[in-house]
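Notes follow once the structure below has been shown.
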Ligand code: GLU
C-alpha cells in the first residue's frame, strides 16, 4: 500500500504555496487508496512555533485534506512530530559513524560563505562544501576542537546520482554535487537531511511528493538511504507557486496565508479550485471540494512549471 506524507515546518503560517503541495501529495495517495501522514517538522525548535504547529492541522482540515496518522493519531510508527523523535536520529547518527563516513567540521560561517560561487552548489542550500575538514589529522582536529565545537559532515561518494522524478522526470546529478553535508550541526541539532530521511524510512513512506525547491536535496537523501540500509521512496517534486516577481511567496506578496483567506470569508472550495486550476488538474477554474478531485487525478496532469501569481490572481484572492 502506498504511504505518503505532508511534512510542514511550522515556522511560518501555511500559505497557498504550501497548500498546493499538500493538495498534490494528498491526491497522489488518496487516488491510490493509500495512507496519508501529517508530520510536523519542528526539529529546529528555535524556528518552530507551537501556535503554527497547531494551526496547520486546522488549516488542512478546513481545506478538506485529511490524514490517517499524525500528531495525536499514532499507528506505532510515530511519533509524528520531529521534536519527539530525537532518539531515532541519534541512533541513525551512531550507525553512520560506524560506516566511517562522518567527520567533524570546524569551518566557521564566514569560511563557509567564502566558498560561495563554486560550481555544483545546491539551490536549496547554497555553495558546496569544499571538503576542508575532511582530511584533517587527529592532531589538527584536537587543535581546532579547542576553539570551536564541530558540526558533523557526511562524506559523499564521488559518483553521479540518478533517479527518475515522478513529476520532473529523469534526474542526473554530477559526482560530488553539493559536497559533503552536515548531519548534525555544531549546536547539536540534527540536520533536515538526516531527520527527513530517517523519518520517511521509519514511517514507511513509499512516495514523497514535495516542493520543487527540494529536488536538489534528493541526491543527499538517497546517499543517506544507502548508507543506512533503507529502501528509498519514489520522489516527486512539484513546481512551486511563486510571486509575480518570481520570488518565493512571502509577506511582500500580500497575506496569502490560509488562515487569513479563511478569515476574509473565502470558501475552501474556491481555494482548492484555484489551486487545482494552477496545478493543471482542471482546465477551467471552478470551486471544487478536494475529494471531488480524487477520481480524475493523475500525476501526468500536474503542470511542470512554476506558477507565477498574476494581478488577476491577486484580485481574485482579495475578492472573497
Ligand atoms: N519541512 C519541509 C518544508 O516545510 C519539507 C520537507 C520535505 O517534504 O521533505 O519545506
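Numbering (our numbering), first residue to last: 841 to 1160.
All C-beta atoms in this analysis are idealised placements derived from N, C-alpha and C, irrespective of residue type, glycine included.
In whole angstroms, what separates the C-alpha of residue i from that of residue j?
i, j, result
"residue 855", "residue 1065", "31 Å"
"residue 885", "residue 1034", "16 Å"
"residue 842", "residue 865", "12 Å"
"residue 992", "residue 925", "19 Å"
"residue 999", "residue 1045", "26 Å"
"residue 849", "residue 895", "12 Å"
"residue 1140", "residue 1125", "19 Å"
"residue 1052", "residue 982", "41 Å"
"residue 899", "residue 1114", "16 Å"
"residue 1055", "residue 1032", "14 Å"
"residue 988", "residue 888", "26 Å"
"residue 1154", "residue 910", "33 Å"
"residue 1073", "residue 1004", "11 Å"
"residue 1058", "residue 1123", "31 Å"
"residue 846", "residue 980", "43 Å"
"residue 941", "residue 1028", "18 Å"
"residue 986", "residue 954", "23 Å"
"residue 858", "residue 977", "45 Å"
"residue 1049", "residue 934", "28 Å"
"residue 905", "residue 1110", "14 Å"
"residue 1107", "residue 897", "17 Å"
"residue 1152", "residue 1084", "11 Å"
"residue 1119", "residue 1138", "12 Å"
"residue 1025", "residue 975", "19 Å"
"residue 1090", "residue 931", "36 Å"
"residue 1067", "residue 1104", "49 Å"
"residue 973", "residue 890", "37 Å"
"residue 1130", "residue 1014", "39 Å"
"residue 958", "residue 1127", "Note that residue 958 scores a pLDDT of 46, beneath 50, so its modelled location is shaky and nothing firm can be said."
"residue 1088", "residue 1094", "12 Å"
"residue 1096", "residue 984", "46 Å"
"residue 916", "residue 1086", "42 Å"
"residue 952", "residue 1069", "30 Å"
"residue 939", "residue 950", "30 Å"
"residue 960", "residue 1092", "With a pLDDT of only 49 at residue 960, under the threshold of 50, the placement of this residue in the model should not be trusted; the figure read from the coordinates follows. The alpha-carbon atoms of residue 960 and residue 1092 are separated by roughly 30 Å."
"residue 994", "residue 1159", "50 Å"
"residue 1041", "residue 1071", "7 Å"
"residue 901", "residue 1012", "37 Å"
Would you please state the rounded distance, in angstroms, between the beta carbons of residue i and residue j? I believe it to be under 8 Å.
i, j, result
"residue 883", "residue 853", "Contact doesn't hold; Cβ gap of about 19 Å is too wide."
"residue 877", "residue 1043", "6 Å"
"residue 996", "residue 1062", "Not confirmed; about 10 Å, so no contact."
"residue 1023", "residue 936", "7 Å"
"residue 1241", "residue 1101", "Here the chain comprises residues numbered 841 to 1160, so residue 1241 is not present and cannot be evaluated."
"residue 914", "residue 875", "Between residue 875 and residue 914 the Cβ distance is about 13 Å, and since that is not below 8 Å, they are no contact."
"residue 1142", "residue 863", "With a Cβ gap of about 11 Å, residue 1142 and residue 863 do not count as contacting."
"residue 1047", "residue 918", "Not a contact, Cβ separation roughly 18 Å."
"residue 903", "residue 1098", "7 Å"
"residue 1030", "residue 929", "4 Å"
So for residue i, helix, strand or coil by DSSP?
i, result
"residue 1039", "helix"
"residue 875", "strand"
"residue 897", "helix"
"residue 1078", "strand"
"residue 1142", "coil"
"residue 1005", "strand"
"residue 1113", "helix"
"residue 1047", "strand"
"residue 1032", "helix"
"residue 1156", "helix"
"residue 953", "helix"
"residue 880", "strand"
"residue 1010", "strand"
"residue 890", "helix"
"residue 989", "coil"
"residue 910", "strand"
"residue 1088", "strand"
"residue 976", "coil"
"residue 867", "helix"
"residue 925", "coil"
Does the beta-carbon of residue i, which I'm using as the reference point, lie nearer than 7 Å to any heavy atom of the ligand ATP?
i, result
"residue 1139", "Although the ligand ATP was asked about, the structure shown includes only the ligand GLU as ligands."
Counting Cβ pairs closer than 8 Å, one from the region 995-1012 and one from the region 1068-1078, do we hit at least three? They touch, by the three-pair rule.
Checklist entry - Would you call the region 1138-1149 and the region 1080-1099 in contact, with 3 or more CB pairs under 8 Å? => result Contact holds: three or more Cβ-Cβ distances are below 8 Å.
Open item on the list: Across the region 1017-1030 and the region 964-981, are there enough close Cβ pairs to call them in contact, namely three or more that are closer than 8 Å?
Closed with: Inter-segment contact for the region 1017-1030 and the region 964-981 is present: three or more beta-carbon pairs are separated by less than 8 Å.
Residues with C-beta closer than 5 Å to any heavy atom of the ligand GLU, in chain order = For the ligand GLU, the selected residues are 847, 848, 849, 881, 1036 and 1050.
**Segment contact flag, the region 867-884 with the region 1133-1141, C-beta cutoff 8 Å, min 3 pairs** = Contact between the region 867-884 and the region 1133-1141 is present, because at least three Cβ pairs lie under 8 Å.
- [ ] Determine, using beta-carbon pairs with one atom in the region 918-934 and one in the region 944-955, whether at least three such pairs fall under 8 Å.
- [x] In short, these stretches do not touch, since the Cβ pair count stays below three.
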